[in-house]
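Accompanying notes for the structure given below.
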Ligand SMILES: NC(=O)c1ccc[n+]([C@@H]2O[C@H](COP(=O)([O-])OP(=O)(O)OC[C@H]3O[C@@H](n4cnc5c(N)ncnc54)[C@H](OP(=O)(O)O)[C@@H]3O)[C@@H](O)[C@H]2O)c1
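Numbering (the working numbering), first residue to last: 217 to 426.
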């Protein structure tokens, strides 16, 4: 199973990487933090492929290096807290890149083996449609729309898509929001539940993690 994990340096990504190691015949780990990425790849006998998702040429080179995939897991993301009238363009672009553009570029360049799976980490819209999170919810739901269309376009290639809805998970994603709620799932628990669903046969179009 040739597997590419995007956002492997993140809280959920690192947990997913640990649980994928040994299951994937070839595991490619991508992120920006070179130190975390190299350490993780070394510990898990995986391959580190750093890439900035906002740079089209880097994403194209990444897709070419990893070759035809059996599993693509998209676990990159970013959040900020700002009211609709307080947005600044740099933050809007940062969130858009991590939550939406990176996925669009990967789907543009990735090649897939027959019956390949693509899983994208998403949100429960009701939980994040709250003041201060407009850019986060808009970009996450944009990615959901992209997945819904890609599912139809890629059907003839035999590629299947799963949108994974997640509740709060205790990671650094929450730092700009003042920390994760006490009820947040541990990333290891989230990773086990995600992989149970994504590796199931058949894989559902949507996975609702509680
Ligand atoms: N945590 C939650 O409560 C929760 C709930 C629902 C959904 N989700 C979704 O789950 C996913 C993972 O979240 P998390 O909590 O693990 O977040 P996290 O710990 O903040 O990790 C975010 C990851 O995204 C990568 N990233 C961000 N911008 C990037 C860019 N421009 N280019 C390349 N990589 C970039 C980071 O790479 P570097 O660190 O190397 O820069 C890191 O690997 C996200 O899509 C998030 O929206 C999370």
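Cβ coordinates follow ideal geometry from the N, Cα and C atoms, glycine included. Since the model is a prediction, treat every value here as computed from it, not as a measurement.
Query, Result
"Under the three-state DSSP convention, the category residue 330 falls into", "strand"
"Validate contact between the stretch 291 to 303 and the stretch 344 to 351 using beta carbons, cut 8 Å, 3 pairs", "yes"
"CB-CB length for residue 383 against residue 425, believed under 8 Å", "7 Å"
"Coarse secondary structure for residue 298, derived from DSSP in three states", "coil"
"Residue 286 and residue 328 closer than 9 Å at C-beta", "yes"
"Environment of residue 241 [buried if 16+ CB atoms lie within 10 Å]", "exposed"
"According to DSSP, residues forming a beta bridge with residue 394", "DSSP output for residue 394 lists no bridge partner at all."
"Option in 419, 410, 422, 418 with minimal Cα separation from residue 234", "410"
"For residue 387, three-class secondary structure by DSSP", "coil"
"Buried or exposed (CB count within 10 angstroms, at least 16 for buried), residue 343", "exposed"
"Within 9 Å, strictly: CB atoms of residue 293 and residue 314", "yes"
"Same chain only: Cβ atoms within 8 Å of residue 311, ignoring 5 sequence neighbours per side", "294, 295, 296, 351, 352, 355"
"Backbone CA spacing between residue 421 and residue 363 [nearest angstrom]", "10 Å"
"For residue 256 and residue 357, the rounded distance between their alpha carbons", "30 Å"
"C-alpha distance - residue 278 paired with residue 265, whole-angstrom precision", "7 Å"
"Under the three-state DSSP convention, the category residue 241 falls into", "coil"
"Three-state class that DSSP yields for residue 353 in the structure shown", "helix"
"Residue 304 - DSSP class collapsed to helix/strand/coil", "coil"
"For residue 424, the residue or residues it bridges with in DSSP", "381"
"Whether residue 219 touches residue 289 by CB criterion (9 Å)", "yes"
"Nonlocal neighbours in the same chain, by C-beta distance under 8 Å from residue 321, ignoring five residues either side", "269, 272, 275, 276"
"Start-to-end residues for the alpha helix (DSSP H) that takes in residue 340", "Note, residue 340: premise wrong, no alpha helix (DSSP H); not H, not E."
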